[in-house]
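The structure appears below as structure tokens.
Numbering (mature numbering (1 follows the signal peptide of the UniProt record, and there is no 0)), first residue to last: -29 to -1, 1 to 362.
In structure tokens:
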């Protein structure tokens, strides 16, 4: 939604710039500041603003911080935008990069590169959604299309184990309902229709609640807004505690039961004469975090993650190649090669090599993953994974 807002702002601003060019020249004044998000901590005194401003023929984005002396400075590039997430951190980049995302941690006042999981209320599980793309075959001749898969990960925060527990090309979303129960809404292949259900990652049990699609929720009241799988798409409210539903006949009631999120406009604002391009730059410390250490024949390499999918463990290739001196080549493919392969990489370690394709590897966010069996093909006999657990 914010991305759409930013694009709309840019279009509106571009139109105003065209009109301004036709107007008589006047003394330069600072343009209006557009606020995307803000973070103000009255206890620590931290004030941060994710903002944008027209500067001539370009649009400047910046994260602006109020300094202890009352002056303002902007963060170093490329950190020019943030949004608050449910964990309390300020997210600086998206979730789709398996090499981790950047977030600002207000407690340490530093930028962390880490995997951003939505933690369950009891803190025992983490949930994450990522999308990936794969060339899909559509005929025996090998012609295909690019298919988008939505992969849904769960992390056991006690053991550190990460797995893809659900993957689909269809609509699906999940939210923590209570303790560590996921409330799901998506297309069910078996039922061949949209279903709302609950899933317990501790037991692997899934319970169907309704046939329909969830539109909104209010967990404080213990209710969800959904529509049934019927042409009318009438609004219904389901009580999660009693398991009963009722039809809504007055749409104004929906606004009362499911109020809109409060505006992100800050309580305090930047001085009116602020010019983003002229602000001094303050360097925020950046730290890397890792989920696993991979040990191959006594050589340890820190990696962003190790995860399982359908019982198969997957390890990122890039950090192993960099640390262990592997070579990565893209072999030439003849026209006879099935295009459904999508990609082909030859990984070499000394005299041994292995070829990775979609049929025998995993690829997400342009990050390639290798299996234990393929590591053994490269000559490694002792393979161990050690998770870094939260203290």
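Ideal Cβ placement from N, Cα and C applies to all residues, glycine included.
- If you check the CB distance, residue 158 and residue 136 do not come in under 7 angstroms.
- Burial is judged here by how many other beta carbons sit within 10 angstroms of a residue's own beta carbon; residue 251 has fewer than 16 and is exposed.
- Ranked by Cα distance from residue 85, the first of 356, 276, 103 and 282 is 276.
- Between the alpha carbons of residue 106 and residue 68 lies a gap of roughly 19 angstroms.
- For residue 230 and residue 189, the gap between their C-alpha atoms comes out near 9 angstroms.
- For residue 226, the enclosing alpha helix (DSSP H) stretches over residues 222 to 228.
- The beta carbons of residue 218 and residue 207 sit closer together than 7 angstroms.
- Residue 105 sits in a strand when the DSSP states are folded into three classes.
- In the structure shown, residue 233 adopts coil according to DSSP, grouped into three states.
- In this structure residue 267 is not in contact with residue 359, their Cβ atoms being roughly 17 angstroms apart against a cut-off of 8 angstroms.
- Nearest in C-alpha terms to residue 330, of all of 187, 313 and 48, is 313.
- Between residue 34 and residue 21, the C-beta spacing is below 7 angstroms.
- Boundaries cannot be given for residue 192, as no alpha helix (DSSP H) includes it and DSSP labels it neither H nor E.
- Separation of residue 172 and residue 294 (C-alpha to C-alpha, rounded to the nearest whole angstrom) is 35 angstroms.
- Its chain contains 317 and 318 as the residues whose beta carbon lies nearer than 7 angstroms to that of residue 324, once the 5 sequence neighbours on both sides are disregarded; these appear in chain order.
- The C-beta of residue 97 has 16 or more other C-beta atoms within 10 Å across all chains shown, which makes the residue buried.
- Between residue 284 and residue 192, the alpha-carbon positions lie close to 40 angstroms from each other.
- Separation of the CB atoms of residue 216 and residue 222 is rounded to 17 angstroms, and the pair is thereby denied contact status at 8 angstroms.
- The residues 168 and 169, in chain order, have a CB closer than 7 angstroms to that of residue 178 in the same chain once the five nearest residues on each side in sequence are set aside.
- Within the same chain, and ignoring the five residues on either side of residue 55 in sequence, the residues whose Cβ sits closer than 7 angstroms to its Cβ are 8, 10 and 61.
- Residue state for residue 290 is assigned as helix, using DSSP reduced to three classes.
- Secondary-structure assignment with DSSP links residue 357 through a beta bridge to 264.
- In this chain, the beta strand (DSSP E) harbouring residue 259 covers 257 to 259.
- Between residue 320 and residue 349, the C-beta spacing is below 7 angstroms.
- Here residue 265 is buried: its Cβ has 16 or more other Cβ atoms, across all protein chains shown, within 10 Å.
- Straight-line measurement puts the Cα of residue 125 at about 11 angstroms from the Cα of residue 175.
- Taking C-beta separations shorter than 7 angstroms and ignoring five residues to either side along the sequence, the partners of residue 356 in its chain run 263, 265 and 277, following chain order.
- Per DSSP, residue 346 is one residue of the alpha helix (DSSP H) stretching across 343 to 348.
- Counting of Cβ neighbours within 10 angstroms places residue 344 among the exposed residues, the total staying below 16.
- The DSSP-derived three-state label of residue 68 is coil.
- Rounded to whole angstroms, the separation of the alpha carbons of residue 118 and residue 248 is 41 angstroms.
- In this structure, residue 6 places its C-beta atom within 7 angstroms of the C-beta atom of residue 236.
- Nearest neighbour of residue 92 by Cα position, chosen from 150, 120 and 72, turns out to be 150.
- If you draw a 10 Å sphere on the C-beta of residue 101, you find 16 or more other C-beta atoms in it, and that means buried.
- In this structure, the CA atom of residue 25 is about 56 angstroms from the CA atom of residue 347.
- Separation of residue 156 and residue 257 (C-alpha to C-alpha, rounded to the nearest whole angstrom) is 37 angstroms.
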